[in-house]
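Student: In UniProt numbering, the protein residues as written are 1 to 297. Heads up, the beta-carbon is just placed ideally off N, CA and C, and yes, glycines get one too. All values derive from a computational prediction rather than experimental measurement. Dumping the structure here so I can ask a few things about it.
Here's what the structure looks like:
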């Protein structure tokens, strides 16, 4: 089996784990506050990541050349997770995932406008398609004739936060070792969530502790697998495959919650995926390509 194919299969497995984590979150938000779930998730996530980096490198390269950028990146991850988790209380997993996948499209647009990256006409077409897909998935009144559900805007905030997260990841790629960034990912998020615990903490039932641990383990293992995937295949190969997460989310919604995606969700997700694939295509001439990091869970 070729290394790029290995990378694709590893990435698909990672995305399935992210969706399993999101489905578990949707089950738990009925009983626990979102900040409590975030806290336990990022604590277990950080423990696993530290163990994984130690195992892979034999050291813990924690020292950063841009510590405040690392903190900001971790906080944007916390913001993205907070609003995504909050949305799961009110809307289906498929809807939340579809809208949040606007992040890669937003990233290309902002990279061109703020960072001066060269973006060709095909990528701008992808951006336009992605925006149109988000609009369809949101079900605005002028399309459906029905009021817009306010909770559909929550994963849009997630997409915005993920966009900042991805741009900060690009910035840090030229400053810090990837393992350093990996180590910092969940720390500030856990610390931020810890501030809310005196006000929201509810003693978990004994049978919920394994589920709490699973939140962190699923996310942590998923991130580790993504690192392995990018070590085996180029971003241009992996980026289009990230949209298989939309399929996993739809399946999880049906199998776990009995939520069948409606026509608007399917159409919007399809348009978003088409736009995302266009923005992931290599630019011409080479060197102007804008790599597309995965949307974070």
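1) Do you know offhand how far residue 199's Cα is from residue 193's?
2) Is it right to say residue 130 is buried, meaning 16 or more other beta carbons lie within 10 angstroms of its own, or is it exposed?
3) Counting Cβ pairs closer than 8 Å, one from the segment 151–165 and one from the segment 46–60, do we hit at least three?
4) Considering only the alpha carbon of each residue, which of 66, 30, 268 and 278 lies closest to residue 152?
5) Can you tell me whether DSSP reads residue 212 as helix, strand or coil?
6) Helix or strand or just coil, what does DSSP make of residue 75?
7) Along the chain, where does the alpha helix (DSSP H) that runs through residue 268 open and close?
8) Are there three or more Cβ pairs, one per stretch, closer than 8 Å when the segment 13–21 is compared with the segment 64–76?
9) Excluding the 5 residues preceding and the 5 following residue 80 in the sequence, name in chain order all residues of the same chain whose CB lies nearer than 7 Å to its CB.
10) Comparing alpha-carbon positions, which option in 135, 45 and 281 lies nearest residue 217?
11) Within a Cβ cutoff of 6 Å, which residues of the same chain sit near residue 109, ignoring the five residues on either side of it in sequence?
12) Would you report the Cα separation of residue 115 and residue 253, rounded to the nearest angstrom?
13) Tell me which same chain residues have a C-beta within less than 8 Å of the C-beta of residue 225, skipping the five on either side of it?
14) Report buried or exposed for residue 107, applying the criterion of at least 16 other Cβ atoms within 10 angstroms of its Cβ.
15) Near residue 132, which residues of its chain fall below 7 Å by C-beta distance, leaving aside the five closest residues on each side in sequence?
16) Only counting the same chain, and skipping five residues up and downstream in sequence, which positions put a Cβ closer than 8 Å to that of residue 61?
17) Taking the Cβ atom as the reference point for each residue, do residue 8 and residue 233 lie within a distance shorter than 8 Å?
18) So the candidates are 30, 238, 206 and 187; which of them puts its Cα closest to the Cα of residue 68?
19) Assuming the contact rule is C-beta atoms closer than 8 Å, residue 101 and residue 246 should be a hit. Round their C-beta distance to whole Å, please.
20) Could you compute how far the alpha carbon of residue 137 sits from the alpha carbon of residue 277?
21) At the level of alpha carbons, what is the spacing between residue 121 and residue 149?
22) Which residue wins for smallest C-alpha separation from residue 191, given the options 26, 37, 23 and 24?
23) With DSSP as the reference, label residue 101 as helix, strand or coil.
24) Spatial neighbours of residue 99 within its chain, please: CB distance less than 7 Å, with the 5 preceding and 5 following residues excluded, ordered by chain position.
25) To the nearest whole angstrom, what separates the beta carbons of residue 265 and residue 22, a pair I think is in contact under 8 Å?
26) If you draw a straight line from the alpha carbon of residue 104 to that of residue 57, how long is it in whole angstroms?
Tutor: Straight from the coordinates:
1) About 11 Å.
2) By the neighbour-count criterion, in which 16 or more other beta carbons inside 10 Å mark a residue as buried, residue 130 falls on the buried side.
3) No, because fewer than three Cβ pairs between the segment 151–165 and the segment 46–60 fall closer than 8 Å, the two stretches do not touch.
4) Residue 268 is the option with its Cα nearest to residue 152.
5) Residue 212 falls in the helix class under three-state DSSP.
6) In this structure, residue 75 counts as helix in the three-state DSSP scheme.
7) 263–280 is the extent of the alpha helix (DSSP H) around residue 268.
8) Two segments are said to touch when three or more pairs of C-beta atoms, one from each, lie closer than 8 Å; by this definition the segment 13–21 does not touch the segment 64–76.
9) Excluding sequence positions up to five before and after residue 80, its CB lies within less than 7 Å of the CB of 158, 161, 162, 165 and 296, all in the same chain and listed in chain order.
10) Ranking the options by Cα distance to residue 217, first place goes to 45.
11) If we look at residue 109 and ignore the five residues flanking it on each side, its Cβ neighbours are 127.
12) Separation of residue 115 and residue 253 (C-alpha to C-alpha, rounded to the nearest whole angstrom) is 37 Å.
13) Cβ within range, chain order: 10, 11, 13, 14 and 17.
14) Flag for residue 107 reads buried.
15) Contacts found: 271.
16) So the list reads 53, 177, 179, 180 and 183, once near-sequence residues are dropped.
17) With a cutoff of 8 Å on beta-carbon distance, residue 8 and residue 233 are scored as near each other.
18) That would be 187, whose Cα lies nearest to the Cα of residue 68.
19) At roughly 7 Å, the Cβ-Cβ gap stays under 8 Å, so residue 101 and residue 246 are in contact.
20) Straight across, the Cα-Cα distance linking residue 137 with residue 277 is about 18 Å.
21) Their backbone Cα atoms lie some 34 Å apart in a straight line.
22) If we check each option's Cα against that of residue 191, 37 comes out closest.
23) For residue 101, the secondary structure class from DSSP, reduced to helix, strand or coil, is coil.
24) Cβ neighbours of residue 99 beyond the five flanking positions: 134, 137, 138, 152, 155, 156 and 159.
25) So it is not a contact: roughly 15 Å between Cβ atoms.
26) In this structure, the alpha-carbon of residue 104 lies about 30 Å from that of residue 57.
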